[in-house]
DNA sequence: AGGTACCGTGGGAGCGCTCCCACAGGTGAT
DNA sequence: ATCACCTGTGGGAGCGCTCCCACGGTACCT
């Protein structure tokens, strides 16, 4: 009881110490109960819980963060301008999955955009201040310095969509190769002969893998791959339009298009319409993401579904492991933590 | 120099005390410099800043939060399910405005959804723990208990879209009356005779005001208001379709529709198309929000623009005032802080 | 009987900051 | 010369928690 003065002002929030006094136990014991330590007798635990309830005690996060050197918060960092983030159903679906997963934990989720240089600088400050226990990285392009920064600061991170085959960060991804492959196999089964593809940004590893899947399906079906039918898009609707226009010019008789995102498929559809091609009669169209766009398109779009919610869950649990594991960094080593989840083709009227 | 031991471990982040030692000043002085207090001589300030730079000092937020009893964070609370949030361009535009405004400050923005009961409970916990200095409330419906909770906990809050005419919380809004009015005046000028409206949710005050604007414009033009031409929507595309269908049934000869959101206008447009009505030849269409949807619609949609970015700025600055003002709560009183920003009609091909 | 092993428990020390009081030194009025 | 009053500065106390050491008690061994 020495030291500390300044108690008992009017409408203050109760402290651990007050709960302890009320329950007739020591501060340490209350702390143990709050944090779910098993080393507390049942009777004591009950008494403490009663006191907590009576006083309406809620732990002070700042104090806890200071003493324990953790923040109980993780950040979802989006290295894109906000506009793109919201335009892209992939992101919002991902956010929903992550949101659902995190609400099973005590962690708090921060959404941080790092699209502009200025936002980048702010983020660097933020991370340097260790204001989060870990970071979720979404859609990082090859060459982005962010992962290195995270490494330097020794902040646990998980990346969705590895940057390359030898991604060093723990990662979660869907089976882009299999997804691309299944889309094309589907078109082959439907009897299509000239199958083009509008790809995603080529500096995104997952986009490359989808192209690999496209190639794989054709080759395994004993067909040739015509490089002129592979057109780079950029995941935007406008990009889809441009690519489709070019595709039509290059190869007017094509009868199927695999667009590697629903948004690009929507752009492609417009161009096809304007060119008088009927979907699916003249040209079959397949998208990727199975987003709301796909369901609402006219005709409804066949699309490759990624298990986004599960991906969100996987990211959270990988990251929590990573955070729990702040041991000497030695014991990890070779166990590369990569999760790859299967995709599923959702067939609709467009193919 | 008494007390405190435990310094100088290996790769730790520098503390205030270390910066002070390096600069040859006291702890308090460094704190003053960091916090921009004017009561520091220029020479001292320079010395401290040099030390900060050399050491790469970044303040520990947890310690600061504990000592100063503030968090430097504010939450944007969205009392809607995440799905709706992302579907609604209004929200994402608002978020963009708020994001831009906050990046001029030292505050951190948290995005919190409180759509489900479970999310609500979590939010209540979160607020009870005072983990944010203030709250931005977006799109709160009449009867929502959230504002009261905030009041009880004495957490500063600003609401966008007041709940009623006698909103007690500081609020920011656009001129919904004027916006609705300008839409209808525009249609009248264009020579339209039978002008219907698809309203927003009736428990949203702003939606009511838009209807009032609709009525006002008609009456002032010496026309009658036909109640059968006022159909409630719910801000969704599906709601827009339903309302338009009903409207067409009730009044097949209508020649103009004012939809009180772009999303509903998109729904209405579909129905009009399917019914063989040409836009704007047969029916003129005006939306509200001037979102990306409006610009990309075919034909481009005339819409009422709300200055969303400015609204975001206004919300942030009101809230910061509110936070700064935690004085005895007496000195405020009557000065109701309400900001109303003007709207602007953006005429396009749909009318 | 004494020793060893664990419980469950209390409470000191400390996390890194802000707040504020005390104090030195300068300035100007009396 | 005395007093009052600024300005700039140092550093004690304290924010509310976690960590961890030390303690008394019980249970089980020798």
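Residue numbers (this note's numbering), protein chains in the order written: chain A, 24 to 374; chain B, 24 to 374.
Every residue gets a Cβ at the ideal spot worked out from N, C-alpha and C, and that includes glycine.
Along the chain, where does the alpha helix (DSSP H) that runs through residue 149 (chain B) open and close?
-> 140-151
Look up residue 288 (chain A) in the DSSP assignment and say whether it is helix, strand or coil.
-> helix
With distances taken between CB atoms, is the gap from residue 86 (chain B) to residue 94 (chain B) smaller than 7 Å?
-> no
DSSP on residue 80 (chain B), reduced to helix/strand/coil?
-> coil
C-alpha distance - residue 73 (chain B) paired with residue 178 (chain A), whole-angstrom precision = 27 Å
Cβ of residue 128 (chain A) within 7 Å of any chain B Cβ | no
Is the CB-CB distance between residue 165 (chain A) and residue 131 (chain A) below 7 Å?
-> no
Does the region 274-285 of chain B come close enough to the region 316-334 of chain B to have 3 or more Cβ pairs within less than 8 Å?
-> yes
Can you find at least 3 beta carbon pairs, one from the region 250-270 of chain B and one from the region 332-351 of chain B, that sit closer than 8 Å?
-> no
What distance in whole Å lies between the Cβ atoms of residue 309 (chain A) and residue 372 (chain A), which are believed to be in contact at a cut-off of 8 Å?
-> Contact doesn't hold; Cβ gap of about 12 Å is too wide.
Go to residue 112 (chain A), then tell me how far its alpha helix (DSSP H) extends in each direction, as first and last residue.
-> 112-125
Element boundaries [alpha helix (DSSP H), containing residue 370 (chain B)] = Counting along the chain, residue 370 (chain B) falls outside any alpha helix (DSSP H), and DSSP gives it neither H nor E.
Cβ of residue 119 (chain B) within 7 Å of any chain A Cβ | yes
Please list the partners that residue 122 (chain A) has in chain B, where partner means a Cβ-to-Cβ separation under 8 Å.
-> 105 and 136
For residue 196 (chain B), which of helix, strand or coil comes out of DSSP?
-> strand
Buried versus exposed, by CB contacts within 10 Å (16 or more), residue 261 (chain B) | exposed
Residue from A:317, A:313, A:363 and A:116 whose Cα sits closest to the Cα of residue 337 (chain A) | A:363
What three-state label does DSSP hand residue 235 (chain A) in the structure shown?
-> helix
Determine the contact status of residue 256 (chain B) and residue 120 (chain B), defining contact as a CB-CB distance below 7 Å.
-> no
For residue 386 (chain A), count neighbouring Cβ atoms within 10 angstroms of its own Cβ and tell me buried if that reaches 16, exposed if not.
-> Outside the displayed range of chain A (24 to 374) lies residue 386 (chain A), so it cannot be described from this structure.
With 16 as the cutoff for other CB atoms within 10 Å, does residue 196 (chain A) come out buried or exposed?
-> buried
Do the region 110-117 of chain A and the region 45-60 of chain A touch if we need at least three Cβ pairs shorter than 8 Å?
-> no
Is DSSP giving residue 279 (chain B) helix, strand or coil here?
-> strand
Spell out whether any CB of chain A is found under 7 Å from the CB atom of residue 144 (chain B).
-> no
What number of angstroms, rounded off, separates the C-alpha of residue 220 (chain B) from the C-alpha of residue 199 (chain B)?
-> 14 Å
Residue range of the beta strand (DSSP E) that includes residue 63 (chain A) = Here residue 63 (chain A) belongs to no beta strand (DSSP E), and DSSP marks it neither H nor E.
Which of helix, strand or coil DSSP assigns to residue 205 (chain B) = helix
Run the CB neighbour count on residue 223 (chain B), radius 10 Å, all protein chains shown included, and call it buried at 16 or more, exposed below.
-> buried
Mind checking which residues open and close the beta strand (DSSP E) that includes residue 325 (chain A)?
-> 325-328
For residue 204 (chain A) versus residue 236 (chain A), is the C-beta spacing smaller than 7 Å?
-> yes
Between the CA atoms of residue 343 (chain A) and residue 159 (chain B) - distance to the nearest angstrom = 29 Å
For residue 353 (chain B), which of helix, strand or coil comes out of DSSP?
-> Any reading at residue 353 (chain B) is ruled out, since the residue's pLDDT is 41, under 50, leaving its predicted position unreliable.
Going along chain B in order, which residues have a C-beta closer than 9 Å to the C-beta of residue 94 (chain A)?
-> 84 and 85
Look at the alpha carbon of residue 225 (chain A) and the alpha carbon of residue 49 (chain B), and state the distance between them as a whole number of angstroms.
-> 55 Å
Extent of the continuous beta strand (DSSP E) run through residue 331 (chain A) | No beta strand (DSSP E) holds residue 331 (chain A); the alpha helix (DSSP H) holding it covers 331-347.
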